[in-house]
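Asker:
Here it is in structure tokens:
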């Protein structure tokens, strides 16, 4: 329970990764996150609101995401909460991105991707 | 999405969100609802109302599942006092073993206290809190005759009671309590004496009570002293005939006379307490003589009245009127 969050979240599950990715460029509310994830994955990952808020609750508790104190858009709906990536969240996201790049760059994965032989 | 559909779905979401623990609901409940409404708007744009309904079903399942999972997780996160209950129970057992008399007395005292409180509450509930089993009970007025020799009040002789009942200032029914002998029948081998009431034909109309089964008396039955018809209380019907509805139209023997059962009253109906009649299990027309006696002013007993005042008439106004003259002939 008291492990370093960086270690605890690695490797990031796809939905966690995409939520953090959606928040990496701007603060967003729940539906904004759902739309951003949908766009980023060409509709392959469709988040449902109910599990999304459970993830957000956990990330807020772990200090990865925080509620944005001011609205990102001037005419934003006052009733909605906007979420923002914390520095810790950004570090976790970057670590995961590096892991994915390293993984994708490894010879066996590259061979698989271009239709080569079986990785040993 | 139409505002009405939006309201319905929003209400459903508020209801479903009760599956989540309160802490989650307080913090994320509104956001969750708004986000689902956005999602439903998108569904409506692509699939119309059918799309909204399809998605709502999926949404309900998802919210219930996630809400309950969140509850489990919430409970797991909360610190638990380990072994505290067990040690509490053990120390209670040790304390009782040391002074059994003292703790026994405490339990008995506590039991008596709870019992007394429950009894008082039952009385307060029955007398003050529970509504009377008649519509507009405040309009009901009860009348009788003050008897100087005795404390309290009694009934009026039949002719006078009937004249007071027909006074234009109110609409009233005559009521007389008595005991009736219910003879054995095929289902019940024992004869019993039951509390009964003779009532005028308009009694149930004035009380605003409709029978649960069958009917109550007609005015013709009220005017004919030979009408042998009876209405049973729900309690008697269940006690003696087990709630068998074929009792309607059957003949039972009351005070030795064959009497047709024409109706069953709704559960819980009783005459107003102010008539001082207590429980009544059997109702017969007021004109039926008591215990087979003759058609006679005296023998038919004394009646109290229960009625509803005509518009504009007050109880004080009714009390100050001259007594009506009884009719000479029945």
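Chains as they are written, first to last, in the numbering used here: chain A, 1 to 120; chain B, 121 to 450.
In this text, a Cβ means the ideal position worked out from N, Cα and C, and glycines have one as well.
Per DSSP, what are the beta-bridge partners of residue 223 of chain B in this structure?
Answerer: Answer is none; residue 223 of chain B lacks a bridge partner.
Asker: Give me the chain A residues within the contact set of residue 156 of chain B, using Cβ-Cβ distance strictly less than 7 Å, ordered along the chain.
Answerer: 49
Asker: Given a threshold of 16 other Cβ atoms within 10 Å of its Cβ, counted over all protein chains shown, does residue 227 of chain B qualify as buried or as exposed?
Answerer: exposed
Asker: To which residues of the same chain is residue 96 of chain A closer than 6 Å at the C-beta, ignoring the five residues directly before and after it?
Answerer: 12, 17
Asker: Tell me whether the beta-carbon of residue 337 of chain B lies closer than 9 Å to the beta-carbon of residue 253 of chain B.
Answerer: no
Asker: Compile a chain-ordered list of the residues in the region 141-170 of chain B whose CB is closer than 7 Å to at least one CB of chain A.
Answerer: Against chain A - using a Cβ distance shorter than 7 Å - the residues of the region 141-170 of chain B are 144, 148, 150, 151, 152, 154, 155, 156, 158, 159.
Asker: Please report the residue range of the alpha helix (DSSP H) in which residue 304 of chain B lies.
Answerer: Note, residue 304 of chain B: premise wrong, no alpha helix (DSSP H); not H, not E.
Asker: Taking only runs of the beta strand (DSSP E) that begin and end inside the region 334-363 of chain B, which ones reach a length of at least 3 residues, in chain order?
Answerer: Counting only runs that start and end inside the region 334-363 of chain B, the beta strand (DSSP E) elements of at least 3 residues fall at 349-352.
Asker: For residue 194 of chain B, which residues in the same chain have their Cβ closer than 8 Å to its Cβ, ignoring the five residues on either side in sequence?
Answerer: Beyond the five residues adjoining it in sequence on each side, residue 194 of chain B comes within less than 8 Å, by CB distance, of 141, 143, 144 in the same chain, given in chain order.
Asker: Are the region 288-295 of chain B and the region 420-430 of chain B in contact at 8 Å, needing three or more beta carbon pairs?
Answerer: Judged by Cβ distances under 8 Å, the region 288-295 of chain B makes contact with the region 420-430 of chain B, as three or more pairs qualify.
Asker: Under 8 Å by Cβ, that's how I've got residue 303 of chain B and residue 376 of chain B pegged, so tell me the actual separation to the nearest angstrom.
Answerer: 7 Å
Asker: Buried or exposed, going by whether 16 or more other CB atoms sit within 10 Å of the CB of residue 190 of chain B?
Answerer: buried
Asker: Please name the residue, chosen from B:246, B:126, B:327, B:148, that lies closest to residue 255 of chain B on a Cα-to-Cα basis.
Answerer: B:327
Asker: Rounded to whole angstroms, what's the CA-CA distance from residue 355 of chain B to residue 403 of chain B? Just pull it up for me.
Answerer: Cα to Cα, residue 355 of chain B sits roughly 13 Å from residue 403 of chain B.
Asker: Any C-beta of chain A sitting closer than 9 Å to the C-beta of residue 190 of chain B?
Answerer: yes
Asker: Given a cut-off of 9 Å, decide if residue 125 of chain B and residue 183 of chain B are closer than it, judged by their beta-carbon atoms.
Answerer: no
Asker: Per the DSSP calculation, residue 316 of chain B is bridged to which residue(s)?
Answerer: B:298, B:402
Asker: Could you check where the alpha helix (DSSP H) with residue 93 of chain A kicks off and where it finishes?
Answerer: 87-105
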